[in-house]
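**Q** Read in my numbering, the sequence shown has 83 at position 83, and its numbers run on one by one without any break.
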Amino acid sequence: MRILILGSAAGGGFPQWNCHCENCSGVRNGTINAQARTQSSIAVSADGNNWVLINASPDIRQQINQSPQLWPLNQQRGSNIKAAILTDSQVDHTTGLLTLREGLPLDVYCTNVVHEDLTTAFPLFPMLQHWHGGLKHHLIGTDHQHGFTIQQATGLTFFPVHLESNAPPYSPYRDDVVPGNNIGLKVVDNASGKYLFYAPGIVESTPLVESMLSKAECALIDGTLWLDDEMIKNGFGHKLGSQMGHMPVNGENGSVALLNHFEIRRKILIHINNTNPILNEDSSAHQFVIDNGVEIATDGMEITI
Ligand code: MLT
Ligand code: MN
Ligand code: ZN
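(1) If you drop the 5 nearest sequence neighbours on each side, which residues of the same chain put their C-beta closer than 7 Å to that of F314?
(2) To the nearest whole angstrom, what separates the beta carbons of I278 and I272, a pair I think is in contact under 8 Å?
(3) Where does K136 sit, in a helix, a strand or coil, going by DSSP?
(4) Please name the residue or residues paired with L279 in a DSSP beta bridge.
(5) Along the chain, where does the beta strand (DSSP E) that runs through A199 open and close?
(6) Are at least three pairs of beta-carbons, each pair with one atom in the region 46-62 and one in the region 91-107, less than 8 Å apart?
(7) Answer with buried or exposed for W51, where buried requires no fewer than 16 other C-beta atoms within 10 angstroms of its C-beta.
(8) Under 8 Å, do R28 and G13 count as touching if we go by C-beta distance?
(9) For A10, count the other beta carbons within 10 Å of its own beta carbon; 16 or more makes it buried, fewer makes it exposed. Which is it?
(10) What first and last residue would you give for the beta strand (DSSP E) that runs through C24?
(11) If we ignore side chains and look at the alpha-carbon of each, how far apart do H132 and L73 end up?
(12) Determine the direct distance from the alpha carbon of D229 to that of N18, and round the result to whole angstroms.
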């Protein structure tokens, strides 16, 4: 299986258009050692030709234009993206669907509550019907024992994994989540049995998450914030990361400490917020992550398992 990191930043990207924090102004001015990043999305493929998009970020146009893997060889129009899966209904994971309108219809796999959000509070599904039939919804469940396959992208099986996190700020489920608001994905390569575990938004671990991590070949895990109070300390918000559905990278309840419990060939942080000091490659926070055997995702990175 090939795993392509289309966007490794959290909502807002890096640098964020209205942000002048140390990281954002540093990367803009070239005064820190850091790489710009687009918003959260990956794609996976068993054969390198037929790809499944996982989450559709507002930066998808740029991401596709930067990724030859997604360009068809002998077609005047078309894409190697054959279907999309949504892990939640967050703005940074869904607004890219609007950009894909020229290429609709598209098969979109998501849970019933994500479909509900995207039909009511943020009505992408009904709206996009007006473009060549729009988004064709395929219902996925929340039981990690029931995997699904995608006809146009054979060789992979996808298992939804319930995650503890929040629903989007606009959603009626915001602080009142139900199963299906947030799933991680276990993506199995049918030929080898090896799998990726993808969880870009997770606030705390659970026995289920640990069982997923224990046998994963590659884990892409929430790296949004370095510290739980990072947004408050920097004066950018009133909420803790944990109130927004994200565990910190640092600390005993952080993602690095969690990953340290497991032997995983590729441990990678993803969905990194622009305030996170790990983005600065000369920082002690960056070095701490690397010293723990954990990688920090960059756009365009490809992983083969
Ligand atoms: C999140 O990951 O918490 C959201 O993308 C935040 C947002 O939509 O602003
Ligand atoms: Mn996000
Ligand atoms: Zn910033």
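Glycine residues also receive a C-beta, built at the ideal position from the N, C-alpha and C atoms.
**A** This is what the structure gives:
(1) The first residue shown for the chain is 1 and the last is 305, placing residue 314 beyond what the model contains.
(2) 7 Å
(3) strand
(4) None; L279 has no bridge partner.
(5) Y195 to A199
(6) Yes, the region 46-62 is in contact with the region 91-107.
(7) When all chains shown are included, W51 counts as buried.
(8) For R28 and G13, no; Cβs fall outside 8 Å.
(9) buried
(10) Note, C24: premise wrong, no beta strand (DSSP E); alpha helix (DSSP H) at E22 to N29.
(11) Within the model, the alpha-carbon separation for H132 versus L73 is close to 23 Å.
(12) 20 Å
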